[in-house]
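Some notes on the structure that comes next.
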Amino acid sequence: MAIAPDRTARAAPVQLADPATYRVGVPHAEFARRRREAPVSWVAEQPRVRPSSAGPIVDSGSGYWAVTTHAAVVAASREPGTFSSGRRGAFLNDPRTKADLEFVRQLLINMDAPEHTAVRRVVSAVFTPRAVGRLRDQVTDHARTVIRGCLEKDRFDVVTDLAAEVPLLVLADLLGIPRADRHLLYGWSNRLVGFDDPEYGGGDVEAYRQAFAEAFQYALRVAEERRRAPRDDLVTRLATAEVAGRRLSDREFCQFWLLLVVAGNETTRHLISGSVQALVEHPGERDRLHAAGQDALPTAVEELVRWVTPIMQFRRTATGDTELAGQPIAEGDKVVLYYASANRDGHAIPGADRLDLARDPNPHLSFGIGPHFCLGAHLARLELSAVLTELLPHLPAVELDGPQVRLESNFVNGIKSMPVRVRA
Ligand code: HEM
38 MAIAPDRTAR AAPVQLADPA TYRVGVPHAE FARRRREAPV SWVAEQPRVR PSSAGPIVDS
98 GSGYWAVTTH AAVVAASREP GTFSSGRRGA FLNDPRTKAD LEFVRQLLIN MDAPEHTAVR
158 RVVSAVFTPR AVGRLRDQVT DHARTVIRGC LEKDRFDVVT DLAAEVPLLV LADLLGIPRA
218 DRHLLYGWSN RLVGFDDPEY GGGDVEAYRQ AFAEAFQYAL RVAEERRRAP RDDLVTRLAT
278 AEVAGRRLSD REFCQFWLLL VVAGNETTRH LISGSVQALV EHPGERDRLH AAGQDALPTA
338 VEELVRWVTP IMQFRRTATG DTELAGQPIA EGDKVVLYYA SANRDGHAIP GADRLDLARD
398 PNPHLSFGIG PHFCLGAHLA RLELSAVLTE LLPHLPAVEL DGPQVRLESN FVNGIKSMPV
458 RVRA
């Protein structure tokens, strides 16, 4: 059942599925309207033409159920047997062929139990909060070096000079690649996540596959090296870990390694740049945080993670005829969990449209909820916290210096460029 179009509105209907919609920002008013009218509502997908080496491909898209309230996103996320990540993957675009589906299903994020449980057990035995905590000094060093470099200039770009650099340096350490190779991570990740943006993938399926293949070859070399000459690092433990008699195969290692490249890079980049943007636009909150000192940081980080919501949605597929928040859903229907909307739902988060860096409790869903809950949440928090510690004292002197350019994506809430000036 589709929501009736709003005939009183003069503006053209907002196309939630269209990456171009997000060029001007997250359509919060449209999400609020949908939350008011029905927690689960229909979104039509317009046909889109993608380039490919075999000629243009038309993606018609089936349309989907947009889940926009906090309660309904939580309910669907906690029922992975009914709302599956594996059936058609966790991404909005449908895999085009059976082979494509098999391919994406090898990523943890696109698996269901029992495979998901087994692989997640191995990787989470390695990727623990403690293991991430051991990276604290390195993360702090990277944040300090990058921010000092930025502040030495009177103008810099918050995205390319700062927000992209810190996660790349951290990931290079985490994934066992030389720092000088970190631009490779940047390129793969842009081509995979920025797939829809004309500047990056432009929707080209072949470019996507190519990025996948290159990253795999690289990862395989890292795994072989570490098995031959183990080091005391996380990537060695990933390549050699055995949990309940099970070790990651080469393919599983590469898949997880690549998932970290993508999941740990884009998301944190957008979290950092979105947080700087929020603080520049809310000088009262910025000053309050600065005055409150280091102890106030964890609560503020949580609020910035909510406010920015770097990943706007993940997708599920109904495994049978069912119902969600009163809306009947048919087997095979696409169901999209809008964290960007759930995080602004005033029923779950009072005053959700206001940035409140002292907000506590903060039941945001930016890292998802349920069996696929983000494995990198601690690392993302650690990185933002390190950046703010270094940057906060200097932020009052930082002002926007030209237009910001947003990423054309219906998936990540991203900024590509944010020039700023540092007042003397
Ligand atoms: C602000 C930064 C981040 C955000 C907003 C974020 C968000 C998310 C979300 C919403 C999910 C759930 C997906 C689903 O339910 O289908 C997820 C899963 C995941 N994230 Fe993150 N993430 C962030 C940073 C990271 C980092 C830094 C890493 C690792 C270096 C990471 C690794 C993962 C992995 C491996 C999964 C898959 C878990 C599974 O399927 O069991 N993420 N993330």
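For the sequence shown, this note's numbering assigns the number 38 to the initial residue and increments by one for each residue that follows.
We put the beta carbon where it would ideally sit given N, CA and C, even for glycine.
All figures in this text were calculated on a predicted structure; none of them were measured in a lab.
Exclusion of the five residues before and after residue 97 leaves 84 as the residues of its chain whose Cβ lies within less than 6 Å of its Cβ. Between residue 281 and residue 290, the C-beta spacing is not below 9 Å. Per the coordinates, the alpha-carbon of residue 227 lies some 8 Å from the alpha-carbon of residue 303. When the five nearest sequence neighbours on each side are left out, the beta carbons in the same chain lying within less than 6 Å of the beta carbon of residue 359 are those of 119 and 366, in order along the chain.
Scanning the region 97–174 from its first residue to its last, the whole alpha helix (DSSP H) runs of 4-plus residues come out as 107–114, 135–141, 152–163 and 166–170. When rounded, the separation of the alpha-carbon atoms in residue 412 and residue 440 is 34 Å. Beta-bridge partners of residue 354 (DSSP): 121 and 371.
Spanning the alpha carbons of residue 419 and residue 93 requires a straight line of approximately 43 Å. For residue 320, the enclosing alpha helix (DSSP H) stretches over residues 320–329. For residue 458, the uninterrupted beta strand (DSSP E) segment begins and ends at 456–459. Scanning its chain for C-beta atoms nearer than 6 Å, with the 5 sequence neighbours on each side dropped, one finds around residue 339 the residues 399, in chain order. Under DSSP, residue 193 shares a beta bridge with 457.
Look at the beta carbons and you see the region 214–222 not touching the region 192–201: under three pairs across the two are nearer than 8 Å. Each of 153, 246 and 331 was checked against the Cα of residue 121, and the nearest Cα belongs to 153.
Residue burial annotation: residue 164 is buried, with at least 16 other C-beta atoms found within 10 angstroms of its C-beta. Spatial neighbours of residue 184 in its own chain (CB-CB distance under 6 Å, excluding positions within 5 residues in sequence) are listed in chain order as 427 and 428. By the beta-carbon neighbour count (other beta carbons within 10 angstroms, threshold 16), residue 314 is buried.
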